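Here the protein sequences come in this chain order: A and B. For the first sequence, numbering that gives the first Met the number 0 puts the final residue at 312, and the numbers step up evenly by one. For the second sequence, numbering that gives the first Met the number 0 puts the final residue at 312, and the numbers step up evenly by one. Glycine included, each C-beta is placed from N, C-alpha and C at the ideal position. Please read these numbers as outputs of a predicted model, since none were measured by experiment. For reference, the structure is listed below as structure tokens.
Number of protein chains: 2
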Amino acid sequence: MNTPQTAAFLKKLDNVLLLTHVRPDGDTVGCAAALCQALRDTGRTSFILHNPEITATYEPYAAPYWAPADFAPTHVVAVDIAAPGLLPENAKQYAGRIELCIDHHPSNSGYARHTCVDASAGAAGELLYEIIRVLTPITPAIALPLYVAIATDTGCFVYSNTTSRTHRIAAELLELIDVSAVNKALFRTKSRTRLAMESRMVADMTFCDGGRAVVMRIPLSLRQELGATEADIEELSSLAALVEDTDCGITLRELEPGTVKISVRSGPRVDACAVCAALGGGGHRAAAGATVRGTLAEAEAAVLRALAEATEA
Amino acid sequence: MNTPQTAAFLKKLDNVLLLTHVRPDGDTVGCAAALCQALRDTGRTSFILHNPEITATYEPYAAPYWAPADFAPTHVVAVDIAAPGLLPENAKQYAGRIELCIDHHPSNSGYARHTCVDASAGAAGELLYEIIRVLTPITPAIALPLYVAIATDTGCFVYSNTTSRTHRIAAELLELIDVSAVNKALFRTKSRTRLAMESRMVADMTFCDGGRAVVMRIPLSLRQELGATEADIEELSSLAALVEDTDCGITLRELEPGTVKISVRSGPRVDACAVCAALGGGGHRAAAGATVRGTLAEAEAAVLRALAEATEA
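Structure below.
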């Protein structure tokens, strides 16, 4: 469905539960908050299913909309969720009855009954903006989470997924809200623990693929040593993408003993999505991820094999 | 003059020399390049006066427009230059005959015969966009330096000077150009040496003033050990301004044995200029500096005394 069709479909729904993805980022949380507020503004009942992995960074945007424990939804909608495997544990009970998914991941598996996917959108928030404006006037309470969605998924308008459309929507949103405090908090503040994590990751980074790829690691032991929270390590994979003279940044994060989350950020030479797809993951051409079983060293060997295969082809 | 008046005025000029400011940044260079190209597109002769302090970062945007040594301009225009004191040495000969200044600094001294100043613009590039579009169609060769001007002066749309207008202009420019490579180079690249410097500065940072001030140090030995160039350490004082729960970031850089450059970045509680003035330096309330004699430890003791006095008052 395109965005006008999606808006028309949403107009027919009431008692709507909104789902966000595991390790929730600004895009999934911002989209859910904006849509929930928009549905309420048009007189409908709507909640966001509590996401147990919500971080302090994004909790304030979602908290006003968390569903009460006894909410029995008539309709279930997923935002920014590419596949059922990305549903949090408590959302899996709804996996078979998701009527609508609004997403911008090209890898979207089409699991929902209706899907509104536009991979040209820098953030799912761009699609939500276009959908919501058909439903109801955009208020500051809708604009702020939409801005968070769009700004976070584009690295504050710096990643290559930023388009003319991204800026045009931001221009509309900034007519309604002051984003100085949000920008300072999201993009110009780092916790001491996060700075320490980055410092250690840089000190231990290694290079491969003829110096064109950099590998950074977040062992569980480092996280424990520094007492890092989820907020301290979120989006840490962007650090590897900064290193001069490289065009592939790989971050290996030990989620628990024997499980490693791999993140790949890449320039045009490397298809990050292909690399991660070979490991059972997915994402975008320039930013993708996969979660694999094994030690950090085994995960590193696996991703480097996948990288070699993807760049050979 | 407003921007339509400025465009009308520019239409009457030919043989135009454009001036940029000392320590040229992306805004002054981008504005000059865009205006020079626009004037040429309308059949006029125009050049930019060579800026001896141009850095490798911005040189490519200005180089096609440098004036030949024998260029005798009929008209002289300044872009993003708030006062005659900010003219490079080789531009001072034109100080008395600047017919037009296009700028966004509220402190503009009104030194030019005609001044187009709009302090609500995040970058002078926003004004140049509005002026140039009246003169001639915006081409990619004009759009790229305008984007550089606007993106650099707003920290890539993150500083509080970013407005709806900023985003709307960026949206128009992105219809014409791909800025992925520019964004990557300007905002998403750090040299390995710079990353290593930051890593070490963070590892050794200390806190004082009840945890509200952070102190970072760049000993000469660290610079030598890492083989850091000037480019590797420029703007490193911004690192201390990122630390969560602090509102005063102090960076101590040993310039040579016995000489230390102190940089202070602060929030509203601390007047950085007062702190540095007590040490013989100066600057703005939120960002100031001083150069003192002594060891790193002596400089640190001196700045902490000055900080205590400034915050007691």
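Query	Result
Whole-angstrom C-beta distance between residue 80 of chain B and residue 64 of chain B, which should lie under 8 Å	Between residue 80 of chain B and residue 64 of chain B the Cβ distance is about 17 Å, and since that is not below 8 Å, they are no contact.
Proximal residues to residue 140 of chain B (C-beta, below 7 Å), its chain only, five neighbours per side dropped	36
Nearest-angstrom Cα separation, counted from residue 22 of chain B out to residue 86 of chain B	10 Å
Local conformation of residue 78 of chain B per DSSP, three classes	strand
Contact with chain B by residue 272 of chain A, beta-carbon distance below 8 Å	no
Where the alpha helix (DSSP H) through residue 8 of chain B begins and ends	2 to 9
Residue 183 of chain B - containing alpha helix (DSSP H), residue span	179 to 186
Top-ranked residue by Cα proximity to residue 191 of chain B, from A:180, A:242, A:236 and A:165	A:242
Complete alpha helix (DSSP H) runs within the region 244 to 296 of chain B (minimum length 4 residues, chain order)	271 to 276
Residue 215 of chain B, DSSP secondary structure in three states	strand
Backbone CA spacing between residue 293 of chain A and residue 182 of chain B [nearest angstrom]	36 Å
Cβ of residue 166 of chain B within 8 Å of any chain A Cβ	yes
Cβ of residue 162 of chain B within 8 Å of any chain A Cβ	yes
Status (buried if at least 16 other CB within 10 Å, exposed otherwise) for residue 296 of chain B	exposed
Neighbour flag for residue 315 of chain B against chain A, beta carbons, 8 Å	In the structure as shown, chain B starts at 0 and stops at 312, and residue 315 of chain B therefore has no counterpart that could be examined.
Collapsed DSSP secondary structure at residue 45 of chain B in the structure displayed	strand
Interface residues of chain B facing residue 46 of chain A [CB-CB closer than 8 Å]	Ordered by position in chain B, no residue passes the 8 Å Cβ test against residue 46 of chain A, which lies about 31 Å from the chain.
Own chain residues within Cβ distance below 7 Å of residue 77 of chain B, not counting five before or after	18, 97, 100 and 111
Residues near residue 278 of chain A by beta carbon distance below 8 Å, same chain, minus five either side	261, 289, 291, 301, 302 and 305
8 Å contact criterion, which residue 227 of chain B and residue 196 of chain B should meet: CB distance rounded	6 Å
Interfacial residues, the region 197 to 208 of chain B to chain A, with Cβ spacing under 9 Å	197, 198, 199, 200, 201, 202, 204 and 206
Partners in chain B for residue 58 of chain A, counting only beta-carbon separations shorter than 7 Å	The premise fails here: residue 58 of chain A is roughly 16 Å from chain B at the closest Cβ pair, so nothing lies under 7 Å.
Residue nearest to residue 84 of chain A in terms of C-alpha spacing, selected from A:307, A:282, A:8 and A:62	A:282
Residue-level contact to chain A via CB, residue 191 of chain B, 8 Å cutoff	yes
Helix, strand or coil at residue 54 of chain A according to DSSP, with G and I counted as helix	coil
Contacts that residue 234 of chain B makes with chain A (C-beta to C-beta distance below 8 Å)	Near residue 234 of chain B there are no residues of chain A at all, since even the closest Cβ is about 14 Å away, more than 8 Å.
Rounded straight-line distance, which links the Cα of residue 270 of chain B to that of residue 240 of chain B	14 Å
Residue from A:298, A:51, A:285 and A:40 with nearest C-alpha to residue 106 of chain A	A:285
First and last residue of the uninterrupted alpha helix (DSSP H) at residue 173 of chain B	163 to 173
Other residues of its chain near residue 55 of chain B: CB distance less than 8 Å, five sequence neighbours each side excluded	230
Cross-strand partners of residue 113 of chain B (DSSP beta bridge)	B:99
Where residue 205 of chain A falls: helix, strand or coil (DSSP)	strand
Backbone CA spacing between residue 8 of chain B and residue 113 of chain B [nearest angstrom]	9 Å
Backbone secondary structure at residue 302 of chain A - three-state DSSP	helix
In DSSP terms, what residue 16 of chain B is bridged to	B:46 and B:75
Environment of residue 70 of chain B [buried if 16+ CB atoms lie within 10 Å]	exposed
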